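**Student:**
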Amino acid sequence: EAEINGKKLASEIRALRSAGKDRLPPNKFEFRLASSEDNDRLTGYVHNSVTPFGLLDEKVPILMASAIRDVKPAFMFMGGGH
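Under my numbering, the sequence shown is numbered contiguously, ending at residue 103.
#1: Excluding the 5 residues preceding and the 5 following Gly27 in the sequence, name in chain order all residues of the same chain whose CB lies nearer than 7 Å to its CB.
#2: Using the C-alpha atoms, what's the distance from Leu76 back to Arg62?
#3: How many angstroms separate the CA atom of Ala86 from the CA atom of Phe50?
#4: Under three-state DSSP, which class holds Thr64?
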């Protein structure tokens, strides 16, 4: 099972903003999986059916690996579970 590298993810997210007053310090990031209850409330989907498109709360950020842009054919399955 894949694991999230929290430090690398925080570094990449921070890099989206140039260094300066608007850039958050590293200690302001804490990435973790949402609880089942929070997941259901924020996405409108239940466990193993969450997709990054069509979420109830449009403010939920979607993070996607840049390698996905290069997938050929340009097609992916959504909400496939494990």
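Heads up, the beta-carbon is just placed ideally off N, CA and C, and yes, glycines get one too. All values reported here derive from a predicted model rather than from experimental measurement.
**Tutor:** Looking at the coordinates:
#1: Phe52
#2: 10 Å
#3: 18 Å
#4: helix
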